[in-house]
Every structure is written in structure tokens, then in C-alpha cells.
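**Student:**
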Amino acid sequence: SEGSEASGEEIWESIGEEEKLLVVDRLHKVLRPFVLRRDKNEVEAQLPKKTEQIVWCEMTSSQKRMYTEIESRGLAHARGSSRKEDESPPEYISVGQNLQMQLRKVCNHPYLFCHDIDLPIDESLIRICGKMMALDGILPKLRMYLALMRTVKSRRTLRLARMMMGSLARF
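For what it's worth, the numbering used here labels the leading residue of the sequence shown as 10, then goes sequentially.
Set out below in C-alpha cells:
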């Protein structure tokens, strides 16, 4: 005779309450070594206080030029003036994009305007951006500091702007 096929829900409903508790308890015992559960309150007490240091970075001449071009094009566009037929904007100026976002991208790194994935990963990545030049000076000191902290069994986290993570991954 052919056996009947029952769904997991049907089988679960057919089991008594006491047997369900045993099954759940057994599952917890099997899974416990693989699951790490910590509450925010437990972890928060163990973390050191957050420290923040603001480092003001000067834009490079390339960044300043791009910033000025984007700003003037954006203001001209907002005033309703149109450019001459033979005058085309640089490729990094997109009319459809938010002006403030474009200015922010210039300040973060000019490569954020380049859609070419095969950009050179060399000294130009650093020298074209004021923030990267500052980071280039800070990172060796930070690495030494982190190495020292590791010897004292302390942990620190360096949080960078999400926008910059792509450029930093190549760096």
C-alpha cells in the first residue's frame, strides 16, 4: 500500500505538547554551539567610549577647479541661462544630478566621477585628493597605534565614509 504524504505542519500539529517541548529543547542543544547571541546592553558596557577627531583637509587644485566648474554650471542652470551650442560641459558635470551631491563627491574624491573601473591604482589616487593625502599621512601612524593597542589586547575601529570605501579598497 502507498504511504500518505504529510506536510511538516501536519506532522507538527499531530505531535503532543510535551513532545514538541522535547524537540525544541533538543534543537536548542544542537544549535547552541553555533549561535552567538549578545544583547546590545552587554556589549555596550565592554566597548570603549567613541572618540572622534575632525581633520580639516585642503582640496587639491584639481578638486578646486572641478568644484568651481560644477558650482558655476549649477548656478547658471538654476538661473535659467543656457550654455552656447559649441560649449559642452566636462563629462563629470551631470545636469540631472543634485548639485550639492556633485560638490560633495568632488570634496570626497574626484575619482567618484569616473565610471571606469580600470582607473590607475598608483600615486595619482592619493595626489588628486586632499582627503587621501591627509589619510596617507595618518594611516602609518594609525597602523602603529593599532599595533600597540593589539599588544595591550584592546580593540579600535576606524570608520570611514561609505562613499570612500570603493576608492580605499583599491588603495
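Backbone N, C-alpha and C define an ideal beta-carbon position, used for all residues, glycine too.
Please state whether DSSP places residue 118 in a helix, a strand or coil.
**Tutor:** Correct three-state label for residue 118: coil.
**Student:** Could you give the residue range of the alpha helix (DSSP H) that holds residue 32?
**Tutor:** Run containing residue 32: 26-40, per the alpha helix (DSSP H) assignment.
**Student:** Hey, would you say residue 79 sits closer than 8 Å to residue 115, going by beta carbons?
**Tutor:** In contact: residue 79 and residue 115 (Cβ atoms closer than 8 Å).
**Student:** DSSP three-state call for residue 145: helix, strand or coil?
**Tutor:** The answer is helix: DSSP assigns residue 145 an H, G or I state.
**Student:** Rounded C-beta distance between residue 137 and residue 69? I'm assuming under 8 Å.
**Tutor:** Their Cβ separation, rounded to whole angstroms, is 6 Å, which keeps residue 137 and residue 69 in contact under 8 Å.
**Student:** Which residues in the same chain as residue 19 place their Cβ atom closer than 7 Å to its Cβ, once the five residues preceding and following it in sequence are excluded?
**Tutor:** Nothing meets the Cβ criterion.
**Student:** Alpha carbon to alpha carbon, how far is residue 14 from residue 37?
**Tutor:** Going by the C-alpha atoms only, they are around 27 Å apart.
**Student:** Below 8 Å between beta carbons: does that hold for residue 108 and residue 83?
**Tutor:** For residue 108 and residue 83, yes; Cβs fall inside 8 Å.
**Student:** Using the Cα positions of residue 49 and residue 56, report the straight-line distance between them to the nearest angstrom.
**Tutor:** Roughly 11 Å between the two C-alpha positions.
**Student:** Closest to residue 119 by CA distance: which of 23, 74 and 24 is it?
**Tutor:** Taking only the C-alpha atoms, the option nearest residue 119 is 74.
**Student:** Around the C-beta of residue 141, are 16 or more other C-beta atoms found within 10 angstroms, so that it is buried, or is it exposed?
**Tutor:** Answer is buried; the Cβ neighbour count reaches 16.
**Student:** How would you label residue 157, buried or exposed, when you count the other beta carbons within 10 angstroms and need 16 or more for buried?
**Tutor:** Exposed, because fewer than 16 other Cβ atoms sit within 10 Å of the Cβ of residue 157.
**Student:** Determine, using beta carbons only, whether residue 67 comes closer than 8 Å to chain C.
**Tutor:** Of the chains in the structure shown, none is chain C; there is only one protein chain.
**Student:** Hey, residue 127 and residue 135 are a contact pair by Cβ (cut 8 Å); roughly how many whole angstroms apart?
**Tutor:** With a Cβ gap of about 18 Å, residue 127 and residue 135 do not count as contacting.
**Student:** Beta carbon of residue 74: closer than 7 Å to some heavy atom of the ligand SAH?
**Tutor:** No copy of the ligand SAH occurs in the structure displayed, which carries no ligand at all.
**Student:** From what residue to what residue does the alpha helix (DSSP H) around residue 134 run?
**Tutor:** Start and end: 132-136.
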